[in-house]
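Going by the numbering used here, 637 is the number at position 221 of the sequence shown; the sequence numbering is gapless. Note that the Cβ used here is the ideal one computed from N, Cα and C, for glycine as well. Keep in mind that this is a model prediction, so the values were computed, not measured. Okay, structure first, notes after.
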Amino acid sequence: MNQVSERPELLEKVGYGLGDFASSMFWKIFSVYLMVFYTDIFGISAAAVGTMFLVSRFWDAANDPIVGIVADRLNTRWGKFRPFLAFGAIPFAIIGVLTFYTPDWSADAKLIYAYVTYTLMMMAYTVVNVPYASLLGVISSNSDDRTALASFRMVFAFAGSIFAFILIEPLINMFSSMFTTDTNPQLGWTLTMVVFGTIAAMLFFATFKLTRERVRPSIYQQNDTKEDLRNLIKNKPWFILLGAALSTLIFNSMRDGAAIYYFKYTFSIDTIELLGFSVGITTAYLVIGQAANIIGVMLATPLAKFVGKKIVFLIAMLMAAFFSVFFYYLDESQFMLILGLQVIVSMCAGIIFPLLWSMYADIADYSEYQTGRRSTGLIFSSSSFSQKMGWTLGGAMTGWTLAYFGYEANADQSEATKEGLKLMVSYIPAIGALISGIVIAFYSLTDNVMNHVQDKLKEKQA
Numbered sequence: 417m418n419q420v421s422e423r424p425e426l427l428e429k430v431g432y433g434l435g436d437f438a439s440s441m442f443w444k445i446f447s448v449y450l451m452v453f454y455t456d457i458f459g460i461s462a463a464a465v466g467t468m469f470l471v472s473r474f475w476d477a478a479n480d481p482i483v484g485i486v487a488d489r490l491n492t493r494w495g496k497f498r499p500f501l502a503f504g505a506i507p508f509a510i511i512g513v514l515t516f517y518t519p520d521w522s523a524d525a526k527l528i529y530a531y532v533t534y535t536l537m538m539m540a541y542t543v544v545n546v547p548y549a550s551l552l553g554v555i556s557s558n559s560d561d562r563t564a565l566a567s568f569r570m571v572f573a574f575a576g577s578i579f580a581f582i583l584i585e586p587l588i589n590m591f592s593s594m595f596t597t598d599t600n601p602q603l604g605w606t607l608t609m610v611v612f613g614t615i616a617a618m619l620f621f622a623t624f625k626l627t628r629e630r631v632r633p634s635i636y637q638q639n640d641t642k643e644d645l646r647n648l649i650k651n652k653p654w655f656i657l658l659g660a661a662l663s664t665l666i667f668n669s670m671r672d673g674a675a676i677y678y679f680k681y682t683f684s685i686d687t688i689e690l691l692g693f694s695v696g697i698t699t700a701y702l703v704i705g706q707a708a709n710i711i712g713v714m715l716a717t718p719l720a721k722f723v724g725k726k727i728v729f730l731i732a733m734l735m736a737a738f739f740s741v742f743f744y745y746l747d748e749s750q751f752m753l754i755l756g757l758q759v760i761v762s763m764c765a766g767i768i769f770p771l772l773w774s775m776y777a778d779i780a781d782y783s784e785y786q787t788g789r790r791s792t793g794l795i796f797s798s799s800s801f802s803q804k805m806g807w808t809l810g811g812a813m814t815g816w817t818l819a820y821f822g823y824e825a826n827a828d829q830s831e832a833t834k835e836g837l838k839l840m841v842s843y844i845p846a847i848g849a850l851i852s853g854i855v856i857a858f859y860s861l862t863d864n865v866m867n868h869v870q871d872k873l874k875e876k877q878a
């Protein structure tokens with residue numbers, strides 16, 4: 417493991433964080449709005465959308481490790497991972513816009529278009545985000561640096577989410593009526609994504625310019641994809657972290673995806689007064705949740721130093737499961753209490769994400785310690801895989817559950833459907849958080865273990 421002596425300074429940490437500001441703008445729009453866009457704007461049934469999410473995921477299951485393997489074997493003057501940010505930024509933005517374009521076609525043709533554009537969007541996300549995530553493992557080999565970088569990443573990620581949540585509805589409303597006397601929400605969505613796509617591309621270029629790759633594989637390491645895959649399959653901590661991450665992301669995805677339906681169809685109020693301003697209840701719920709996520713991210717590093725990453729992860733997920741259940745018992749007359757619970761649950765979720773990225777970097781080091789081979793891109797591709805698979809399963813489950821409870825787009829819902837929507841923001845996602853907590857209990861790479869691993873790798877380097 418060869419590296420220069422410098423450690424990342426503030427500007428580089430900020431530059432790294434800008435990449436996830438860009439990704440998270442899109443990702444939160446996908447996880448929160450894409451389902452309702454497909455059902456209420458595009459005109460696809462909830463069950464068909466759920467199935468599309470799952471079917472499209474099968475290609476992505478291979479796509480993620482392929483990008484990781486290619487990145488591990490790329491050698492350029494800019495490094496292994498940074499070039500993907502520079503060359504993938506514009507395709508990422510263009511395909512994102514096409515995903516939210518509504519062609520005036522037949523129902524079957526529109527469904528095919530949705531399959532194609534959604535699959536391409538997930539591929540574009542992989543091409544940019546697997547190398548971006550892997551970059552965390554090579555900016556520094558220092559564990560504290562990695563946790564700090566992960567924290568910067570998550571703060572900017574949730575800031576990007578807040579940015580998207582605050583602007584998306586005003587932009588859609590503005591563009592929907594800008595060029596026509598009649599409201600055209602299809603056009604509003606497309607032009608809104610042009611704005612977000614342009615910003616995202618510029619931020620990916622900024623991350624490319626402001627970061628450096630310091631940690632490199634041994635000059636004696638030969639390319640051997642089969643050996644890297646065999647090592648990955650034997651890596652028990654990787655499997656455990658993948659399972660915990662997947663469960664966490666299903667929990668988040670279902671809560672976010674069901675929230676719009678929950679507020680739209682079970683509440684009679686649309687807005688609430690906050691700090692003298694009239695704010696949409698869904699916007700208030702989502703923005704406050706993202707702000708609480710940032711608080712959780714800021715707590716992650718000091719808590720991890722105090723009791724260790726694994727213990728913090730475990731407690732946060734169990735708390736998230738416990739407090740999520742209470743959403744079922746509240747109604748619109750208790751909206752402020754709903755917001756209070758949203759703060760608690762979102763803080764718990766926010767704590768998890770910088771720990772996840774830091775733990776993937778630890779697993780890359782542990783794999784090198786065990787096998788003598790470094791495969792950062794392949795290991796971090798699992799982070800993208802778990803993120804997209806968690807969102808896909810959560811989205812598919814949301815679509816199927818909506819269909820199961822009899823949801824009909826843009827119509828008054830039955831009492832059974834409203835009851836189902838309450839379950840979808842409370843008990844059902846809480847199961848995902850509980851499973852995540854149980855799985856992470858078996859994770860073996862404690863901070864003491866990783867200190868030993870780091871010492872051995874330094875001896876090997878010397």
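In the displayed model, Glu835 falls within a helix according to three-state DSSP.
The secondary-structure analysis by DSSP pairs Glu428 with nothing; it has no beta-bridge partner. Comparing alpha carbon positions, the residue from Lys872, Asp871 and Met805 closest to Leu470 is Met805.
Following the DSSP letters along the chain, one finds Phe508 inside the alpha helix (DSSP H) bounded by residues Arg498 to Thr515. Of all alpha-carbon atoms in Thr606, Met670 and Gly766, the one lying nearest the alpha-carbon of Gly466 is that of Met670.
Taking all protein chains in view, the Cβ of Asp436 is crowded by 16 or more other Cβ atoms within 10 Å, so the residue is classified as buried.
Comparing alpha carbon positions, the residue from Ser783, Gln602, Val543 and Gly810 closest to Lys872 is Ser783. Under the 10 Å beta carbon count, Gln786 is surrounded by fewer than 16 other beta carbons and is classified as exposed.
The Cβ-Cβ distance between Asp488 and Thr542 does not fall below 8 Å. In the structure shown, Thr455 falls within a helical segment according to DSSP collapsed to helix, strand and coil. When rounded, the separation of the alpha-carbon atoms in Ala660 and Lys725 is 13 Å. Of Ile584, Thr808 and Asn558, the smallest CA-CA separation from Arg423 is found for Asn558.
Straight across, the Cα-Cα distance linking Thr698 with Ile511 is about 27 Å.
For Gln706, the enclosing alpha helix (DSSP H) begins and ends at Ile697 to Val723.
Thr597 sits in coil when the DSSP states are folded into three classes, being neither helix nor strand. For Asp560, the uninterrupted alpha helix (DSSP H) run begins and ends at Ser559 to Ser592, by DSSP. Check the Cα spacing between Pro499 and each of Leu794, Tyr529 and Phe621: the tightest is with Phe621.
For Gly853, the enclosing alpha helix (DSSP H) has its first and last residue at Tyr843 to Ile856.
Boundaries of the alpha helix (DSSP H) around Asp672: Lys652 to Thr682.
For Pro770, the closest alpha carbon among the candidates Ala438, Phe667 and Leu715 is that of Leu715. Judged by beta-carbon spacing, Ser440 lies within the 8 Å limit of Ala573, meaning their Cβ atoms are closer than that value. Annotated three-state conformation of Ile754 is helix, per DSSP. At a Cβ-Cβ threshold of 8 Å, Phe442 and Phe568 do not count as neighbours. Relative to the Cα of Ile506, the nearest Cα in the group Thr614, Lys838, Val869 and Phe624 belongs to Thr614. For Ala849 against Thr627, the beta-carbon gap comes to about 33 Å, at or over 8 Å, which does not count as contact. Measuring C-alpha to C-alpha distances from Tyr548 to each of Thr518, Thr862, Leu565 and Gly673 identifies Leu565 as the nearest. Between Thr623 and Tyr432 a beta carbon distance of about 6 Å is seen, short of the 8 Å cut, so the two are scored as contacting. A straight-line Cα-Cα distance of about 10 Å links Gln758 and Ala700. Distances from the alpha-carbon of Ala732 to those of Gly793, Gly853, Ser802 and Val631 put Gly853 closest.
Assignment of beta-bridge partners to Ser694 by DSSP yields Glu689. Look at the beta carbons and you see the segment 520-531 not touching the segment 829-841: under three pairs across the two are nearer than 8 Å. Setting aside the 5 residues that flank it on each side, Thr792 is surrounded in the same chain by Asp488, Ser550, Gly553, Val554 and Ala780, each with a C-beta closer than 7 Å to its C-beta; the list follows chain order.
In this model, Lys496 and Met538 are separated by some 21 Å (Cα to Cα).
Shown here, Thr518 sits in coil according to DSSP, grouped into three states, outside any helix or strand. Taking the Cα of Asn668 as reference, the smallest distance to any Cα among Ile528, Tyr534 and Met813 is reached at Met813. Under the 10 Å beta carbon count, Pro845 is surrounded by 16 or more other beta carbons and is classified as buried.
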